[in-house]
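Remarks on the structure that follows.
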Amino acid sequence: MRVKEALLPESVGKKARLFGWVRTRRDSKAGFSFIDLNDGSCLKGVQVIAEKNLSNYEDEILKCGIGSSVEIVGQIVASPAKGQATEVKAEEIKILGYADPATYPLQKKETSFEYLRSIAHLRPRTMTFGAVFRIRNEICRSIHNFFQSQNFIYVQTPIVTASDCEGAGQMFRVTTFELDNVPKLESGGIDFEQDFFGKATNLTVSGQLEAETFATALSNVYTFGPTFRAENSNTTRHLAEFWMVEPEVAFCDLEGDMDLAESFLKTIFRDVLNNCADDMAFLNEKIDNTIIGTLKGIVESDFERLTYTEAVDILIASGEKFDFPVSWGIDLQTEHERYLTEKKFRKPVILTDYPRGIKAFYMKLNPDGKTVRAMDVLVPKIGEIIGGSQREDNLELLEERMKESGLNPEEYWWYLDLRRYGTVPHAGFGLGLERCVQFVTGMSNIRDVIPFPRAPKSADF
RNA sequence: UCCCGAGUAGCGCAGCGGUAGCGCAGGUGACUGUUAAUCACUUGGUCGUAGGUUCGAAUCCUACCUCGGGAGCCA
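With the first letter of the first sequence counted as 1, position 363 gets the number 393 in my numbering; the numbers rise by one all the way through.
This is how it looks when you write it as structure tokens:
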């Protein structure tokens with residue numbers, strides 16, 4: 031039985047065999063101890079009563095402190111004291127593994143997230159991280175449910191890619207070369223033909239282009255996997271390795287894309303509110319007392335939708351003093367996005383139709399020739415949580431945009447084939463999983479919502 | 001990468017030119033159907049690293065390292 035079940039009032043009267051870790055132990059001279067047992071199945075631990083008539087009470091139970099792992103067999107009874115409905119009257123307690131209280135890094139007291147990052151192998155045992163990672167799991171389940179229930183096909187796109195540029199950021203090189211002896215061409219360049227794949231390869235920065243190939247065959251698809259960016263970003267919302275969800279939908283325009291993104295986020299938030307109530311209540315109390323209210327508000331209202339041009343007009347007319355002045359054509363700064371989401375509208379905002387010059391080559395050109403059918407979903411505090419677009423489905427325009435972006439269309443022959451043979455309007459977006467978890471949980475640093483964060487100068491564990 | 005800020009006991013912090021302190025954790029004892037239990041006593045630190053200024057540096061200066069916050073890049 032898991033602790034979660036042992037806590038239910040209807041479990042009273044049942045016999046239980048529980049496994050878990052000791053959170054705290056309180057001894058009573060009256061001849062028994064309270065053991066707070068947690069197994070990660072839920073936020074709370076179950077209170078175990080260990081009486082001194084247990085054969086190993088003196089020499090084992092009184093020595094098992096915080097962090098020790100135990101197996102407990104006992105009867106679930108109604109608790110006579112406040113604080114819990116049930117407790118376990120132990121009949122047998124086996125110590126599976128001691129944790130020396132003098133050196134065990136976790137304490138009963140709250141510990142800084144900064145320090146917990148340095149013991150990332152133990153931090154899942156804390157209340158906060160347990161809650162965060164149960165919620166992260168619920169979000170992942172919700173993501174799959176959302177797409178599967180609408181007959182999207184889950185496609186696994188490659189992690190190693192030979193596209194030398196997918197339009198997004200610095201990439202990690204993948205090679206089997208000995209770095210102190212890299213084969214060179216006579217011209218002095220690197221001879222990638224001798225490398226493992228016979229060409230230069232990198233870790234993927236996005237599965238989108240590959241997902242498009244499946245969308246133009248299976249209609250509705252999504253990817254969900256790790257993504258890598260070698261940017262030297264040192265912020266609370268960037269990682270070098272993160273997880274991204276990328277739906278791609280054929281026969282869909284930007285409006286359909288926005289509708290999908292909005293119902294997608296609402297579904298995730300609703301599922302978390304419904305299925306992680308205890309964990310959310312805990313985080314709402316300890317981390318950020320606005321998260322539950324914010325999520326409920328979002329689920330019940332419509333996202334604000336406006337064009338980039340309208341947003342620029344609003345920002346100019348706002349009278350706010352921005353560090354970066356606003357004018358049509360600039361990329362919006364964090365301060366501008368925050369004004370829109372946190373001050374002006376106080377809810378998620380979808381911005382569309384950005385200037386072509388600041389967006390990726392694959393986004394569909396509007397008839398005005400100046401803007402593209404892009405959309406960014408912005409949320410308070412986090413900023414961009416989803417970035418998407420309707421894709422350029424016109425062969426000539428796409429080739430033109432590639433050249434404009436300094437890309438060689440020949441290297442993307444397979445991508446262009448999708449427009450050459452039976453092209454269709456299609457659209458999609460990318461959701462940064464960790465940013466979503468951050469937004470939902472209120473955790474301020476993205477490194478605290480992924481089990482083992484990878485960031486510049488940081489790849490421990 | 002840029003701009004700030006911080007590195008002092010296992011953890012959280014104070015001290016900011018004159019012989020290193022508090023809370024929590026750990027240890028010992030008392031007390032108790034307890035809830036981050038409580039109370040008393042107690043162990044524990046070449047003050048991030050390397051230089052420099054000074055009679056004297058945790059404290060002032062320089063460089064470096066690491067961490068945090070903000071910015072850029074983005075998800």
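Note that beta-carbon positions come from the ideal geometry of N, C-alpha and C, so glycine has one too.
None of these values were measured; they are calculated from a predicted model.
Assigned secondary structure, residue i (DSSP; H/G/I helix, E/B strand, else coil)
| i | result |
| --- | --- |
| Glu365 | helix |
| Ala129 | coil |
| Thr191 | strand |
| Pro323 | The question names Pro, but residue 323 is Gly in the sequence shown. Gly323: helix per DSSP, three-state reduction. |
| Trp443 | helix |
| Gly349 | coil |
| Ile412 | coil |
| Ala485 | strand |
| Glu271 | strand |
| Asn232 | strand |
| Tyr87 | coil |
| Thr257 | strand |
| Leu152 | coil |
| Glu122 | strand |
Nearest residue (CA-CA) to residue i, options the options
| i | options | result |
| --- | --- | --- |
| Asp490 | Ala192, Ser148, Val100 | Ser148 |
| Lys45 | Phe143, Ile106, Glu35 | Ile106 |
| Gly127 | Val162, Leu152, Trp51 | Trp51 |
| Val100 | Tyr442, Cys170, Thr54 | Thr54 |
| Leu425 | Asp406, Lys411, Tyr445 | Tyr445 |
| Asp301 | Gly436, Glu168, Phe354, Asp318 | Glu168 |
| Phe64 | Ala404, Val118, Tyr451 | Val118 |
| Glu278 | Glu414, Thr243, Phe272, Cys306 | Thr243 |
| Leu248 | Met31, Leu38, His456, Lys139 | His456 |
| Asn475 | Ala36, Ser142, Ala60 | Ser142 |
| Leu233 | Thr205, Glu216, Gly219 | Thr205 |
| Ala60 | Glu285, Asp343, Gly75, Ile79 | Ile79 |
| Thr156 | Val402, Leu370, Glu140 | Glu140 |
| Ser98 | Ser109, Ser488, Leu67, Ala108 | Leu67 |
| Glu121 | Val275, Ser109, Asn83, Ala129 | Asn83 |
| Arg376 | Gly95, Val409, Ala245, Thr471 | Val409 |
| Glu223 | Ser236, Val76, Phe207, Gly237 | Phe207 |
| Thr191 | Lys34, Val235, Asn181, Leu152 | Val235 |
| Arg32 | Glu216, Gly75, Ile183 | Gly75 |
| Phe258 | Met274, Leu48, Thr246, Lys316 | Met274 |
| Arg56 | Gly95, Pro110, Ala485, Asn304 | Gly95 |
| Ala404 | Ala291, Ala241, Ser109 | Ala291 |
| Thr401 | Lys373, Gly452, Tyr338 | Tyr338 |
| Gly113 | Leu37, Gly70, Phe62, Glu315 | Leu37 |
| Glu276 | Ser488, Ser419, Val479 | Ser419 |
Alpha-carbon to alpha-carbon, residue j and residue i
| i | j | result |
| --- | --- | --- |
| Asp447 | Met201 | 25 Å |
| Leu295 | Ile416 | 10 Å |
| Leu427 | Leu239 | 17 Å |
| Gln186 | Gly436 | 28 Å |
| Arg203 | Phe226 | 12 Å |
| Tyr145 | Glu441 | 46 Å |
| Pro378 | Glu334 | 6 Å |
| Leu345 | Arg267 | 24 Å |
| Leu362 | Asp406 | 11 Å |
| Tyr392 | Ser331 | 31 Å |
| Thr231 | Ser357 | 39 Å |
| Lys229 | Lys214 | 13 Å |
| Glu422 | Cys282 | 12 Å |
| Ile412 | Arg368 | 9 Å |
| Arg164 | Cys306 | 8 Å |
| Ile298 | Ser172 | 6 Å |
| Cys72 | Met473 | 19 Å |
| Thr364 | Ser263 | 15 Å |
| Met288 | Thr382 | 9 Å |
| Phe352 | Leu152 | 42 Å |
| Thr320 | Phe312 | 12 Å |
| Arg166 | Val479 | 8 Å |
For residue i: DSSP bridge partner residues
| i | result |
| --- | --- |
| Ile65 | Arg55, Val78 |
| His456 | Ala280 |
| Gln420 | Ala457 |
| Gly436 | Note: Gly436 sits in no beta bridge, so no partner. |
| Ser99 | Trp51, Gly127 |
| Val107 | Glu117 |
| Ser41 | Ser41 pairs with nothing; no bridge assigned. |
| Tyr338 | Paired residue(s): none; Tyr338 is not in a bridge. |
| Glu464 | Glu464 pairs with nothing; no bridge assigned. |
| Leu209 | Paired residue(s): none; Leu209 is not in a bridge. |
Contact test: residue i Cβ vs the ligand MG heavy atom, cutoff 7 Å
| i | result |
| --- | --- |
| Leu209 | What this structure holds is no ligand at all, so the ligand MG is not there to describe. |
Stretch pair the stretch 171-188 + the stretch 236-255: three plus CB contacts closer than 8 Å: yes
Stretch pair the stretch 115-127 + the stretch 456-466: three plus CB contacts closer than 8 Å: The answer is no - the stretch 456-466 does not touch the stretch 115-127, with fewer than three Cβ pairs under 8 Å.
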